[in-house]
Structures are given as structure tokens and as C-alpha cells.
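What follows is a short report on a single structure.
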Amino acid sequence: MNTAMQLQGPSWEHPFGTDEYGRDLMARVMRGSRSSLIIALSSVALASVVGVGFGIVGGYFGGFWEFVTMRTVDVLLTIPPILLAIAVVAFLGPSRINLVLVIGFLYMTRFARLSFASVVQVKQREFLEAARVIGARTPHIILTAILPNILAPIFVQISLSLGFAILLESGLSFLGLGTPPPEPTWGNMIGVGRGFMQQNGWYVFWPALAISITILCCNMLGDGLRDALDPRLRE
1 MNTAMQLQGP
11 SWEHPFGTDE
21 YGRDLMARVM
31 RGSRSSLIIA
41 LSSVALASVV
51 GVGFGIVGGY
61 FGGFWEFVTM
71 RTVDVLLTIP
81 PILLAIAVVA
91 FLGPSRINLV
101 LVIGFLYMTR
111 FARLSFASVV
121 QVKQREFLEA
131 ARVIGARTPH
141 IILTAILPNI
151 LAPIFVQISL
161 SLGFAILLES
171 GLSFLGLGTP
181 PPEPTWGNMI
191 GVGRGFMQQN
201 GWYVFWPALA
211 ISITILCCNM
221 LGDGLRDALD
231 PRLRE
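Sequential numbering from 1 applies to the sequence shown in full-length UniProt numbering.
Structural data, given as C-alpha cells:
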């Protein structure tokens, strides 16, 4: 902290300026990227594992399991994500682990529906019937025949979900429900900086720009993966 350098604009010494305590904004934006990206990556990893598990169970076994898994997903989809996240985080308390659990729980539905639709298509293929005829067990069929054939759309969904997870984490941190201070995140930097807009507008600009660029990169990665993994788009 340096109280003599409070809310300064960009300079050679502080390229992004300083905050209300005289701390370097560039260092805090870079440090905040670690918190935001760790939460986003962990929550999307959790969502993909749980969601794909739900989709495979419902799509492969059908019947009762399809009803249980897909109706659970339908119920979760009726709840507004941001309201559920605010309620759960406010009840459990703000922490990094709680954010990962909440965001992963919310985005699990996307992976469940996507993997369910992919499994329903794949399980009608001839090589799956051949695996059953030769006596292959269900875990072996799922791991070697079904899962490799549904990974392409899942990879695309992972890249797109990263952007949404970063946005949701930033929104919760903006409301004070994210990682508690003094650990910086992009969302809580914007939340604190809005009170100093007239003194130093750069306080809000830099973390907002970091969020925008990161989400844009995630979306471009998703588009690139979709084009690369879709055989219909290959020459």
C-alpha cells in the first residue's frame, strides 16, 4: 500500500494506475486472473464430469434412468441460474470452493443434455451392437465405444462454458458473494471500483477489459474447435 499514490491514472511506474490504497492495478488484475480462471476451470471440470455422467446413464440405459436423470435436469433448468447462485452462495457464505460447487452445479445441465442426445445417436450404431454381441461389458462399452464418439461436442461445450463461468463468477464477486477480500478477482475489483469512478475510471476499465478479452478468447476457441472437430466442415 502507498497512501501517497491513491487513485492515480496510468503512468510509467503504474501502467494501469492505482487503487484506493495506492496498490498497483496491473499487478492486481494479473493476480485476479488466477482466481477467476481457477474458479472457472474447476467449475467447468466439475460440470462436465457430472453432466456427462448423467447424460451417459440416461441415454444408454434409457427407461427409468432416462426419466430420473433428464427430469432432474429439466427441474434445474427451470430455476434462473443467477438467482440460484446468489441464494446458495449467500446461504453457504462466500468462498472459492462454494463458487466452484455452485457454478459447476448450474452448468452441469448443459453437459447432461448434450451428452444424452449424443449417446442416443451413438448407441444405435452397428459397432455398438457388435460389442454387445461379442459379450463386452457395459463399462467397457461406455469407455471404449461411446465416450470417444461423443467427446467432440463436449470439448466445444467446455470451451464455451468457460466464458459463461467467468462471467457468472465475476457477477457474483461484483455482488460481494465471490472470493472474499483481500484476494483480488476481476468481479470484486469492478464492484469496489464503481465507487471511485469519478476519481479514477481506469479502476473499473482494466478488469472489465480483462473479462471481455477472456470471454472472447473462450468463444473463439469454441468456434475453432467446432470447425476442427466437425467432419462436415472439413475439405
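All C-beta atoms, glycine included, are put in the ideal place defined by N, C-alpha and C.
Integer Cβ distance of residue i from residue j, believed to fall under 8 Å
| i | j | result |
| --- | --- | --- |
| PRO94 | GLY178 | 6 Å |
| ILE103 | LEU162 | Actually they do not touch by this definition, with Cβ atoms about 11 Å apart. |
| MET5 | GLY22 | 4 Å |
| ALA158 | VAL44 | It should be pointed out that residue 158 corresponds to Ile in this sequence rather than to Ala. Contact holds; Cβ gap of about 6 Å. |
| ILE97 | ILE166 | Not really, about 17 Å apart at Cβ, beyond 8 Å. |
| LEU91 | THR69 | In the sequence as presented, Leu is not what sits at residue 91; that position holds Phe. The pair is not a contact, with the Cβ atoms about 26 Å apart (cut-off 8 Å). |
| MET189 | PRO207 | 4 Å |
Beta-carbon proximity list for residue i, same chain, < 8 Å, skipping 5 on both sides
| i | result |
| --- | --- |
| LEU84 | VAL102, LEU106 |
| THR3 | TYR21, GLY22 |
Spatial neighbours of residue i in its chain, beta-carbon cut-off 6 Å, leaving aside the 5 residues before and after
| i | result |
| --- | --- |
| PRO15 | MET26 |
| SER42 | VAL100 |
| GLY51 | MET108, PHE111, ALA112 |
| LEU28 | Residue identity check: residue 28 is Arg in the sequence provided, not Leu. Excluding sequence neighbours, ARG28 sits near PRO184. |
| PHE174 | GLY187, ILE190, GLY191 |
Residue range of the unbroken alpha helix (DSSP H) whose run includes residue i
| i | result |
| --- | --- |
| GLY26 | Checking the sequence, you will find Met at residue 26 rather than Gly. Here the alpha helix (DSSP H) through MET26 covers 25-61. |
| TRP186 | 186-193 |
| ASN2 | Note, ASN2: premise wrong, no alpha helix (DSSP H); not H, not E. |
| GLN157 | 147-174 |
| ALA136 | Looking at the DSSP string, ALA136 is not in any alpha helix (DSSP H), and its letter there is neither H nor E. |
| PRO181 | PRO181 -> no alpha helix (DSSP H), and no H or E assigned at all. |
| SER95 | Note, SER95: premise wrong, no alpha helix (DSSP H); not H, not E. |
Neighbourhood of residue i by C-beta distance below 7 Å, restricted to the same chain and skipping five residues each side
| i | result |
| --- | --- |
| residue 279 | Because the chain spans 1 through 235 in this model, residue 279 falls outside it and cannot be assessed. |
| TYR60 | VAL119, LYS123, ILE142, ILE146 |
| ARG226 | VAL156 |
| SER48 | PHE111, ILE154, ILE158 |
| ALA40 | LEU162, ALA165, ILE166, GLU169 |
ask   = Are there three or more Cβ pairs, one per stretch, closer than 8 Å when the stretch 188-203 is compared with the stretch 124-136?
value = No, the stretch 188-203 is not in contact with the stretch 124-136.
The stretch 66-75 touching the stretch 107-116, judged by at least three CB pairs closer than 8 Å = Yes, since at least three Cβ pairs between the stretch 66-75 and the stretch 107-116 fall closer than 8 Å, the two stretches touch.
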